[in-house]
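J.:
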Amino acid sequence: MAVTIEELYRNYGILADAKPEDLSQHKYAYQVILDGVKGGPKEKRLAAQFIPKFFSSFPELADAAINAQLDLCEDEDVSIRRQAIKELPRFAAGENIVRVADILTQLLQTDDSAEFSQVNTALVSIFKMDAKATLRGLFSQILQGEDIVRERAIKFLSIKLKTLPEDTMTKEVEDYVFTETKKVLEDVTGEEFVLLMRILMALKGLQTVNGRQQLVELVVEQAFLEQALNPADPDTVDRLLQCTRQALPLFSKNVHSSRFVSYFCDHVLPNLSTLTSPVAELDIQQEVLKLLAEMSLFCGDMEKVEANLLMLFEKLLEFMPLPPEAEGENGENTMSEEPKLQFSYVECLLFSFHQLGKKLPDFLIDKINAERLKDFKIRLQYFARGLQVYIRQLRVALQGKTGDALKTDENKIKVVALKITNNINILIKDLFHNPPSYKSTVTLSWRPVQKAEAVAQKRPSGEEMGTGSTMKKLLSPPLPRRNARQIYNPPSGKYSATIGNFTNEQRGGFRGGRGRGFGGRGGRSRGRIY
1 MAVTIEELYR NYGILADAKP EDLSQHKYAY QVILDGVKGG PKEKRLAAQF IPKFFSSFPE
61 LADAAINAQL DLCEDEDVSI RRQAIKELPR FAAGENIVRV ADILTQLLQT DDSAEFSQVN
121 TALVSIFKMD AKATLRGLFS QILQGEDIVR ERAIKFLSIK LKTLPEDTMT KEVEDYVFTE
181 TKKVLEDVTG EEFVLLMRIL MALKGLQTVN GRQQLVELVV EQAFLEQALN PADPDTVDRL
241 LQCTRQALPL FSKNVHSSRF VSYFCDHVLP NLSTLTSPVA ELDIQQEVLK LLAEMSLFCG
301 DMEKVEANLL MLFEKLLEFM PLPPEAEGEN GENTMSEEPK LQFSYVECLL FSFHQLGKKL
361 PDFLIDKINA ERLKDFKIRL QYFARGLQVY IRQLRVALQG KTGDALKTDE NKIKVVALKI
421 TNNINILIKD LFHNPPSYKS TVTLSWRPVQ KAEAVAQKRP SGEEMGTGST MKKLLSPPLP
481 RRNARQIYNP PSGKYSATIG NFTNEQRGGF RGGRGRGFGG RGGRSRGRIY
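For the sequence shown, position 184 (counting from the first letter as 1) is numbered 184 according to our numbering, and the numbering increases by one without interruption.
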């Protein structure tokens, strides 16, 4: 016979009125409350509140009590489930914390938003009781649980860990997170990899130089830098892009990017034109060159500086055309079509060449024969002439525009284009010095200008106006000369709308399931494992 509301209240009264030392004598009364989970909705809601209240007084009924509460957590009535979940942290004492954390982690798979929020709140509350024990429950499900549970548990950690106070996230707890996360990284998808790296990067103990170096080593292991790149495999290309994006914010003057830069020069640049993009709308060549340019800024000592510079030199020749052969008497081009100038690609390649050139400043003089050097300078000169025309056109187009006028998509693209062309102009000038110089500093067009850099830069010349000095100068260009030779008039839409939107976040996920470092993680079929 089902327990009634009256019986629940009566037995609750017996337990509530008993002295703490006498509670164990009223085992029968507690058993009646446990049986309340077999009643109707009202009885279940009462049982959900009464069971945890006296849980600690009946250790011999601990398993029965937890299982009864779990039955309520799985009830068809969402209000009963929420009440039962709300009370779960009251069972989290001693050895039960791991079990409760494991249960709550499994309950993250709910599709009810209010219930999901309740689970999150409950998990955070037991974190503050015993963070390490809670993590044991979470990582148990991440390593062995259903895919939906694993996914949501990782997301929970990526969001909540950084919000916990320092007295909760002790060094011991952070060390445990690092150790367990390394285990998880042995078998991850691309999205999981990004989230797990976000978790590790937020750990206070890994904010040091040594800590960041450890994180770089983790990324290197995932990137498979010891293996040749298969440019035709989008999964392999995506893995490299994801890993590089995660490593990028870790690099600094003390944590070097040398291994990644060398790998890009050895394996990526030679296959640049044949790379298979993992995302249809992604300009894979531009993406790769942007990553290389950003990494080159933090490149330390490397064994093959000359070979890497030579590869960058060859790629520059590929994207910097020779001038047309035929010209009319007035210096006007008589060819039907002039070469297109790939400004975005050249900015990245020139910047990378400029950074590595600092390590071998005599490269163009000692390592490149006179004929090739002459050819290179002709290309540089032709490109620079095209730049001047385009820079004047951009300045005229932006002249007098301020505020909201600059926020239109078209003008945003023009502002970025002006940054690109000015950067290339400065770097080409350095290379035309005799001997070539590598002293100029530019901020890559898609990166925000650092205040310190803006102050430190010298006053720009007329040709360099707009290179990140002040918006007023950038938007107040001189009018073009009337008889300026029109070497190159780029078509509308030359710069994509996303030209300045490069980020270190992933673009698209890794294809397939999980495997070693992003391969095919085997499926599992599991029922309730509380």
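We put the beta carbon where it would ideally sit given N, CA and C, even for glycine.
1. Would you mind stating whether Ser252 and Ser296 have Cβ atoms separated by less than 7 Å?
2. Straight-line CA distance for Tyr30 to Glu21?
3. Which of helix, strand or coil does DSSP assign to His26?
4. So for Cys348, helix, strand or coil by DSSP?
5. Do you know how far the Cα of Lys128 is from the Cα of Lys304?
6. Give the C-beta separation of Phe55 and Ala65 to the nearest angstrom, bearing in mind that I take them to be a contact with Cβ-Cβ under 8 Å.
7. Assuming Ser262 is part of the alpha helix (DSSP H), what are its boundary residues?
8. Do Leu138 and Ala101 count as a contact pair if the criterion is CB distance below 7 Å?
9. With Thr134 as the anchor, note down where its alpha helix (DSSP H) starts and where it stops.
10. Helix, strand or coil for Leu293 per DSSP?
11. Using a Cβ-Cβ cutoff of less than 8 Å, which residues in the same chain neighbour Ser336 once the five nearest sequence positions on both sides are dropped?
12. DSSP state of Phe251, grouped into three classes?
13. Can the beta-carbon of Gly211 be found less than 7 Å from the beta-carbon of Ser258?
14. If you draw a straight line from the C-alpha of Asp111 to the C-alpha of Ser125, how long is it?
15. Quick check: the Cα distance between Glu318 and Phe193, rounded to an integer number of angstroms?
16. Quick one: measure Cβ to Cβ for Leu394 and Leu418, integer angstroms, because I've assumed they're closer than 8 Å.
17. With 16 other CB atoms within 10 Å as the buried threshold, where does Ala405 fall?
18. On the three-pair Cβ rule with 8 Å, is the stretch 159-171 touching the stretch 180-192?
19. Do Leu104 and Val119 have their CB atoms nearer than 7 Å?
20. Using a threshold of 7 Å, state whether the C-beta atoms of Phe343 and Ile420 are closer than that.
21. Apply the 10 Å Cβ neighbour rule to Phe432 and answer buried if 16 or more other Cβ atoms are within range, or exposed otherwise.
22. For Glu347, is the classification buried or exposed, using 16 other Cβ atoms within 10 angstroms of its Cβ as the cut-off for buried?
23. Could you give the residue range of the alpha helix (DSSP H) that holds Ser57?
24. If we ignore side chains and look at the alpha-carbon of each, how far apart do Thr244 and Phe363 end up?
25. Apart from the five residues on each side of it in sequence, which residues of its chain come closer than 7 Å, Cβ to Cβ, to Ser262?
26. Rounded C-beta distance between Ala232 and Thr168? I'm assuming under 8 Å.
27. Is the distance from the Cβ of Leu349 to the Cβ of Leu316 below 7 Å?
28. In angstroms, rounded to a whole number, what distance separates the CA positions of Pro323 and Tyr382?
29. Can you look up Asn271 in the DSSP assignment and give me helix, strand or coil?
30. Rounded to whole angstroms, what is the Cα-Cα separation between Phe156 and Gln213?
31. Using the rule of at least 16 other Cβ atoms within 10 Å of the residue's Cβ for burial, across every protein chain shown, is Val173 buried or exposed?
32. Between the alpha carbons of Arg152 and Ala84, how many angstroms are there, rounded?
33. Could you tell me the alpha carbon to alpha carbon distance between Lys182 and Ser437, rounded to whole angstroms?
34. Quick check: the Cα distance between Val184 and Ile14, rounded to an integer number of angstroms?
35. Do Ile148 and Gln109 have their C-beta atoms within less than 7 Å of each other?
36. Can you tell which of Val255, Leu225 and Leu61 has the C-alpha that lies nearest to the C-alpha of Gln242?
T.: Put simply:
1. One-based indexing of the sequence shown puts residue 252 at position 252. One-based indexing of the sequence shown puts residue 296 at position 296. For Ser252 and Ser296, no; Cβs fall outside 7 Å.
2. Numbered from 1 along the sequence shown, position 30 holds the residue referred to as residue 30. Numbered from 1 along the sequence shown, position 21 holds the residue referred to as residue 21. Their Cα atoms are separated by approximately 15 Å.
3. Along the sequence shown, read from residue 1 onward, the residue named residue 26 stands at position 26. Three-state DSSP puts His26 in a helix.
4. Residue numbering aside, residue 348 sits at position 348 when the sequence shown is read from its first letter. Three-state DSSP puts Cys348 in a helix.
5. In the sequence shown, residue 304 corresponds to position 304, counting from 1. In the sequence shown, residue 128 corresponds to position 128, counting from 1. If you take the alpha carbons of Lys304 and Lys128, they lie about 51 Å apart.
6. Residue 55 sits at position 55 when you count from the first residue of the sequence shown. Residue 65 sits at position 65 when you count from the first residue of the sequence shown. Going by Cβ atoms, the distance from Phe55 to Ala65 rounds to 5 Å, so yes, they are a contact pair.
7. Mapped onto the sequence shown, residue 262 falls at position 262. It spans Ser258 to Tyr263 - the alpha helix (DSSP H) in which Ser262 sits, taken as one unbroken run.
8. If you number the sequence shown from 1, residue 101 lands on position 101. If you number the sequence shown from 1, residue 138 lands on position 138. Yes, the pair counts as a contact, with Cβ atoms nearer than the cut-off.
9. Translated into positions along the sequence shown, residue 134 becomes position 134. Its alpha helix (DSSP H) spans residues Ala131 to Gln144.
10. Start at 1 with the first residue of the sequence shown, and residue 293 comes out as number 293. Here the sequence assigns Ala to residue 293, which means Leu is not the residue at that position. Correct three-state label for Ala293: helix.
11. Residue 336 sits at position 336 when you count from the first residue of the sequence shown. Interpretation of Ser336 is limited by its pLDDT of 46, a score under 50 that renders its predicted location unreliable; the figure taken from the coordinates is listed afterwards. Hits under 8 Å: none found.
12. As a working mapping, residue 251 is identified with position 251 in the sequence shown. DSSP places Phe251 in coil when its eight states are reduced to three.
13. Working through the sequence shown from its first residue, we reach residue 211 at position 211. Working through the sequence shown from its first residue, we reach residue 258 at position 258. The answer is no: Cβ separation not under 7 Å.
14. Position 111 of the sequence shown, counted from the first residue, corresponds to residue 111. Position 125 of the sequence shown, counted from the first residue, corresponds to residue 125. One C-alpha to the other measures close to 21 Å.
15. The sequence position of residue 318 within the sequence shown is 318, counting from 1. The sequence position of residue 193 within the sequence shown is 193, counting from 1. Whole-angstrom Cα-Cα distance: 35 Å.
16. The residue given as residue 394 occupies position 394 in the sequence shown. The residue given as residue 418 occupies position 418 in the sequence shown. Their Cβ separation, rounded to whole angstroms, is 5 Å, which keeps Leu394 and Leu418 in contact under 8 Å.
17. For the purposes of this step, residue 405 is taken as the residue at position 405 of the sequence shown. Exposed, since its Cβ has fewer than 16 Cβ neighbours within 10 Å.
18. no
19. Start at 1 with the first residue of the sequence shown, and residue 104 comes out as number 104. Start at 1 with the first residue of the sequence shown, and residue 119 comes out as number 119. Taking 7 Å as the Cβ cut-off, Leu104 and Val119 qualify as a contacting pair.
20. Reading the sequence shown from its first residue, position 343 is the one you call residue 343. Reading the sequence shown from its first residue, position 420 is the one you call residue 420. A contact, by the Cβ cut-off of 7 Å.
21. Counted from its first residue, the sequence shown places residue 432 at position 432. When all chains shown are included, Phe432 counts as exposed.
22. Residue numbering aside, residue 347 sits at position 347 when the sequence shown is read from its first letter. Under this definition Glu347 is a buried residue.
23. One-based indexing of the sequence shown puts residue 57 at position 57. Per DSSP, Ser57 belongs to no alpha helix (DSSP H) and is neither H nor E.
24. Taking the sequence shown and counting its residues from 1, one reaches residue 244 at position 244. Taking the sequence shown and counting its residues from 1, one reaches residue 363 at position 363. Each residue's Cα considered, the two are about 27 Å apart.
25. Here residue 262 corresponds to residue number 262 of the sequence shown, with the count starting at 1. Answer for Ser262: Met302, Lys304 and Asn308, listed in chain order.
26. Position 232 of the sequence shown, counted from the first residue, corresponds to residue 232. Position 168 of the sequence shown, counted from the first residue, corresponds to residue 168. Not confirmed; about 48 Å, so no contact.
27. What you label residue 349 is simply residue 349 of the sequence shown in a count that begins at 1. What you label residue 316 is simply residue 316 of the sequence shown in a count that begins at 1. Taking 7 Å as the Cβ cut-off, Leu349 and Leu316 qualify as a contacting pair.
28. The sequence position of residue 323 within the sequence shown is 323, counting from 1. The sequence position of residue 382 within the sequence shown is 382, counting from 1. Distance between the alpha carbons of Pro323 and Tyr382 is about 6 Å.
29. Against the sequence shown, residue 271 aligns to sequence position 271. Helix at Asn271.
30. Within the sequence shown, the letter at position 156 stands for residue 156. Within the sequence shown, the letter at position 213 stands for residue 213. Cα-Cα distance, rounded: 26 Å.
31. Within the sequence shown, residue 173 is the residue found at index 173, counting from 1. Buried, by the Cβ-count rule.
32. In the sequence shown, the residue the question calls residue 152 occupies position 152. In the sequence shown, the residue the question calls residue 84 occupies position 84. Arg152 and Ala84: Cα-Cα distance of roughly 20 Å.
33. Working through the sequence shown from its first residue, we reach residue 182 at position 182. Working through the sequence shown from its first residue, we reach residue 437 at position 437. Those two C-alpha atoms are separated by around 44 Å.
34. Within the sequence shown, the letter at position 184 stands for residue 184. Within the sequence shown, the letter at position 14 stands for residue 14. Whole-angstrom Cα-Cα distance: 49 Å.
35. One-based indexing of the sequence shown puts residue 148 at position 148. One-based indexing of the sequence shown puts residue 109 at position 109. Yes, these two residues count as a Cβ contact at 7 Å.
36. On the sequence shown, residue 242 is found 242 positions in, with the first residue counted as 1. Here the closest residue by C-alpha is Leu225.
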